[in-house]
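Numbering (the UniProt record's numbering), first residue to last: 1 to 165.
Right, one structure below, let's go through it.
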Amino acid sequence: MASSPSPPIGPKLAPFTPSGDGVLTHALDLLALSPSDVLFDLGCGDARMLVHAAEQTGARGVGVEYNGDLVKRAQARIEESGVMDLVAVRHGDALEVDLTTATAMFLYLVPRGIQLLLPKLEEARRLHVRFVTYMFSIPGWIPTDERTYKGTKVYLYNSSASTRQ
């Protein structure tokens, strides 16, 4: 008997569209993670960014995903990669997550999702979190650095990044 799909928790911030390896590489280069970092991925999908970061840098990762079926896929990826001691994924609402342990964040969300998270992002920025967004920028924030991958932008924001007036 097949299991029924787990109901979503919280609003949908973006459709599931996996990031390619090139995007992951650019994002990690911009974030400059180390084993002392804790990378959060809100809307982590199948956790490929978190697993890649753990494998490449030894950074710990925390993913939050509203879709229960994607959480199961993420957990399988984490186990297959052998990074269970570094990466955890929660089935939950990204708007409710506690970001106080985050030192870095990866976001691949649509503009509406970023807008919904903006109060949480502002709070995290005050805690000196570094951010990378793929494809869409954070409204009102000026990126510290940016890269282009196959015609699409990857943006870095440091806590000291200014905002537009």
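In this text, a Cβ means the ideal position worked out from N, Cα and C, and glycines have one as well.
Residues near residue i by beta carbon distance below 7 Å, same chain, minus five either side
| i | result |
| --- | --- |
| Cys44 | Leu50, Gly63, Val64, Glu65, Ala74 and Val89 |
| Thr144 | Leu156, Tyr157, Asn158 and Ala161 |
Test item: CB-CB of residue i and residue j under 8 Å
| i | j | result |
| --- | --- | --- |
| Leu116 | Phe131 | no |
| Ala47 | Val97 | no |
| Val154 | Val23 | yes |
| Leu39 | Phe106 | yes |
Residues sharing a beta bridge with residue i, DSSP
| i | result |
| --- | --- |
| Phe40 | Val62 and Met105 |
| Leu156 | Val132 and Asp145 |
| His91 | Glu65 |
Distance, residue j Cα to residue i Cα
| i | j | result |
| --- | --- | --- |
| Glu79 | Leu28 | 21 Å |
| His52 | Thr148 | 20 Å |
| residue 208 | Leu99 | With the chain covering 1 to 165 only, the question about residue 208 has no answer from this structure. |
| Thr101 | Arg77 | 23 Å |
| Arg126 | Asp93 | 21 Å |
| Leu31 | Gly61 | 13 Å |
| Leu95 | Leu33 | 24 Å |
Cut-off 8 Å between Cβ atoms - residues of its own chain near residue i, not counting five sequence neighbours on either side
| i | result |
| --- | --- |
| Glu55 | Ser81 and Val83 |
| Val71 | Ser6, Glu65, Val89, Arg90 and His91 |
| Pro139 | Pro111, Ile114, Gln115 and Leu118 |
Buried or exposed by the 16-neighbour rule on C-beta atoms within 10 Å, applied to residue i
| i | result |
| --- | --- |
| Thr57 | buried |
| Ala124 | buried |
| Pro35 | exposed |
Beta-carbon proximity list for residue i, same chain, < 6 Å, skipping 5 on both sides
| i | result |
| --- | --- |
| Asp37 | Ala59, Thr103 and Ala104 |
| His26 | Arg147, Tyr149 and Val154 |
| Thr152 | Met135 |
| His128 | Ser159 |
| Asp85 | none |
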